[in-house]
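Since the structure comes first, as structure tokens, the remarks are kept for the end.
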Amino acid sequence: MDSEKKKEQQRVDYVIGRIKEKIETTENELEKARKETSSVEKNYVQNAKINTFEVDDRMETNAEVQQQKQLVAKNVENERILKQELSKLTLLKDSPYFGRIDILDQGEEEPESLYIGTASFAENNRNFLVYDWRAPISSIFYNGTLGNVQYETPMGIQTTELVKKRQFTIVDGKIRHMFDTNETIGDEMLQAVLGEHSDEYMKNIVATIQKEQNDIIRDTKHDLLLVQGVAGSGKTSAILQRIAFLLYHSNRKLSADQIVLFSPNLLFSHYISEVLPSLGERNMRQVTLAEFFSRRFQGLNVETIFARYEKSPLLTQKQLAVRQIKESAEFMQKIFAYAKKLDAKDLKFADMTLPDGQVIFSAKEIKEIFAKLPTAMKQKDKFLEIKNALIKRLNRLIKTTARSRKMRAAIDLLSDEEYNDLIGKKRRNHFQSLDQEVFYIGEKIAERKFAQIYDGLYNGFFFDVYAQYQDFLTRTLPDSSHEFSENVEFHRISLSDCAPVLYLRDLLTGGGKNRSIEHLFIDEMQDYSMATMIYLKHAFPNAKLTLLGDSEQALFNPLEEPKSLLQRLNESLQIKNCRIIELNTSYRSTKQITDFMKSLLPNKGKIRSFARSGAKPTLFMTSRENALKDLKTTLKNAFDQNGTVALITKNERDAEELFFKLKEDFDVTLLDDQDVSVPSGITILPIYLAKGLEFDSVIVCDVTEEKFPEDTLGIFYTICSRAMHSLTLICPEQMPEMLRQIPPELYTVSFSFEKNAES
Ligand SMILES: Nc1ncnc2c1ncn2[C@@H]1O[C@H](COP(=O)(O)OP(=O)(O)OP(=O)(O)O)[C@@H](O)[C@H]1O
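So in numbering that gives the first Met the number 0, spot 491 of the sequence shown is number 490, and the numbers just go up one at a time.
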């Protein structure tokens, strides 16, 4: 193997040499392109200047300037491509590849060696020294065991013989490890990667993608891909790799802007933000559900998933039942039926008023316009007609206001500065008479006065969706209509009303759809209601869906089998081409932590541990009086072992309490839902903010029956599943019922330090 390693190192050196040469030529080309862009830009500005003197506004139509504008755009695009190329080469320079496959095609005598890395690299644009991990042939590296193998290409399925598979770790141009393996992806490499400490950013898994993860990454045939994976099974990792794959596979027809990922919280968004750039790709759009809804409910405070979770224990049975109804698929169907059958006389319009209360268009006037439209006209076309009619009326109003006597008087009172500000770039000699100039100024003032009305019309606010929904509730769910109207009065809306209200608005006004999005990814989908899923499918009608979930980690909903979930999704979203993939091996935690978590679950769950060894979870038995003291000692020990330590609580209040108890003695950070990154050291956070994240060491305080009764199993399980290397549960008094079922050999019991000291 030593001589083999030497040979491989020589090849690495050779490839790095070629990459460096290429970096140099690309840098030169980039410099040239930059100079070209700046000279064209200079030229453009000069022409623009000359023209400003001559023809003012018509300048934009000047053909020469347009041509130069196009040239700038072309150069900018050229620069962008060169920069992207450069960043790919820079990534390859230190670690050009991680895999090698030797294949023997039929009829050939000698096998061919192909090397696989994060991007492809060819010598003289022909001889591939590195193959992109997303190339069709590279799938053999992830899927194949030695012998006959198949791989998919645009021309169909190809067959070849895999005679060798080799994995490398190359750091700073030097081969650190090298293994030959017969398995899909050998354990040794994975062991090494998983043994590392947690980091501020998630890493890509390109060198160690597992077979079933590869199925998720490379699926291009289905419109709905439902990934049900146990905690730590690599769902998030796999979809980020999938995004990189889709971008490559589409031959650049798909852009990162056409992909949206719904992430569980802002911390998660930050945590995953480096994965795609590390693969040489731009990040997709990321949004949390709260951000998405807030943008659509301007002026209202939208309840977040977390606020909903915090509020749940305070709700009555009746309120919980109402919420469940509103979040169901049936409720959305009722909205649909209501919108379809709605009688013109029952439509609710709103007065369009200025901030001082002056009504510009009354609801009655709007209703009259509506009444005159042909009955057969589609509802959404009617809204467009009303909008256009009102905008026309507003334009007329602006003109008459501009000519009014009152306006004349107002203009006379303007200071020189205000006057010039209104006239803007126009020059006095632009106008043929003073009257024309004054009218122009009057128009500007009137436009500013009515700007809010214009915006309101543009956004369809003349339709009172809240009153309409209220009407719907009165007919369908009378018990809840008062709460809804009270919320709106106080400028807030609960999460369970968001999807139905938006759906109603879109159905009646024909708006709200974003057809440019091609792929929608939803992480932690078990926390989304079916009503929300239906709305998202409606809002992104052209998007293929990839949904990731783990019903065992459901913080908000009961457990559900993947198959029954797929069936419900199928019925509600009506997507034909669906596939479900299950991931059952957990990679995040050590075998000891995973086995402990597994035994918490009824039927012991499907979770399988990956053979990475560590210490058993510790149950720290203490007393109420000693609990804090013992926590401090545990914390100190965990911190001394390096890495990230998280104290994860059930809710915000517990997190705050803990923070105040510890802040004097430790450098601790309390996180809330506005935080975007996890600082190093000790952090305290409620479980819903820890979703999707991981920590070297997790400590759970106050593990009592009172705090963790049976129905909090999903929450408790999710807390434990955030731990990579160490898990400590502090139990003052007796352990809760759910821990009693765990076989004692799966954990270590430790007793209070006080007690130890006494004995
Ligand atoms: N094939 C792999 N190679 C290396 N590391 C992996 C692989 N698959 C998963 N991991 C690691 O396992 C950990 C968990 O992965 P990830 O967060 O993607 O799982 P998840 O299923 O989304 O978890 P959860 O639902 O519990 O938040 C991460 O540290 C990830 O890097």
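Ideal Cβ placement from N, Cα and C applies to all residues, glycine included. The structure displayed is predicted, hence computed values, not measured ones.
Within the chosen limit of 8 Å, ligand 1 reaches the beta carbon of Lys-234 through at least one heavy atom. Per the coordinates, the alpha-carbon of Leu-266 lies some 38 Å from the alpha-carbon of Phe-461. The nearest non-hydrogen atom of ligand 1 is 8 Å or more from the C-beta of Ser-86.
Of the heavy atoms belonging to ligand 1, none sits nearer than 8 Å to the Cβ of Thr-168. Here Lys-381 has Phe-369 and Leu-372 as same chain residues with Cβ atoms under 7 Å from its own Cβ, once five neighbours each way along the sequence are excluded. According to the DSSP assignment, Thr-475 belongs to the alpha helix (DSSP H) that extends over 464-475. In its chain, beyond the 5 residues on either side, Met-406 and Ala-445 have a beta carbon closer than 7 Å to the beta carbon of Thr-400. For the pair Ala-230 and Ile-215, the CB atoms are not nearer than the 9 Å cut-off.
Out of Leu-472, Glu-709, Ser-94 and Asp-549, the CA that lies nearest to the CA of Lys-605 is found in Asp-549. Set against 8 Å, the gap from the CB of Tyr-337 to the closest heavy atom of ligand 1 is not smaller. Between Leu-600 and Leu-712, the gap from beta carbon to beta carbon is short of 9 Å. Membership of Tyr-130 in the beta strand (DSSP E) is indicated by the continuous run 126-131. Across the structure, Gly-98 and Thr-643 are spaced so that their CA atoms are roughly 31 Å apart. The residue from Leu-503, Leu-501 and Cys-719 with its alpha-carbon nearest to that of Met-596 is Cys-719. 9 Å or more divides the Cβ of Pro-742 from the Cβ of Ser-612. Around the beta carbon of His-490, fewer than 16 other beta carbons sit within 10 angstroms, so the residue counts as exposed. Annotated as distal: Asp-186 and Arg-165, with beta-carbon spacing of 9 Å or more. Proximity to Ala-722 across Met-331, Val-487, Asn-203 and Lys-690 peaks at Lys-690, based on C-alpha coordinates. Here DSSP, grouped into helix, strand and coil, assigns Lys-4 to helix. Rounded to the nearest angstrom, the gap between the Cα atoms of Ala-338 and Pro-678 is 48 Å. When C-alpha distances from Ile-580 are compared across Thr-24, Arg-217, Asn-300 and Asp-653, the shortest belongs to Arg-217. Relative to ligand 1, the beta carbon of Asp-214 is positioned no closer than 8 Å to any heavy atom. Taking C-beta atoms under 8 Å as the contact rule, Arg-284 and Val-301 fail to qualify, at a distance of about 19 Å. For Lys-575, the secondary structure class from DSSP, reduced to helix, strand or coil, is coil. Taking 8 Å as the cut-off, the C-beta of Ala-320 does not count as close to any heavy atom of ligand 1. Straight-line spacing of the CA atoms in Met-737 and Gln-451 works out to 57 Å. With a cut-off of 8 Å, the C-beta of Val-677 is classified as distant from ligand 1, since no heavy atom of the ligand falls inside that distance. For Val-170, the enclosing beta strand (DSSP E) has its first and last residue at 155-170. Comparing alpha-carbon positions, the option among Pro-354, Lys-363, Leu-353 and Thr-617 lying closest to Asp-345 turns out to be Lys-363. The beta carbon of Leu-314 is closer than 8 Å to those of Arg-322 in its chain, skipping five residues each way along the sequence.
The count of Cβ pairs closer than 8 Å, one atom from the segment 87-98 and one from the segment 144-153, stays below three, leaving the stretches out of contact. About 7 Å separates the beta carbon of Leu-519 from that of Leu-535, a gap short enough to meet the 8 Å contact definition. In the structure shown, Val-205 falls within a helical segment according to DSSP collapsed to helix, strand and coil.
With fewer than 16 other Cβ atoms from the protein chains shown falling within 10 Å of its own Cβ, Lys-31 counts as exposed. Three or more Cβ pairs closer than 8 Å define a contact, and the segment 34-43 meets that threshold against the segment 65-85.
For the pair of segments examined, the segment 463-479 was found to touch the segment 325-340: the number of CB pairs separated by less than 8 Å reaches three.
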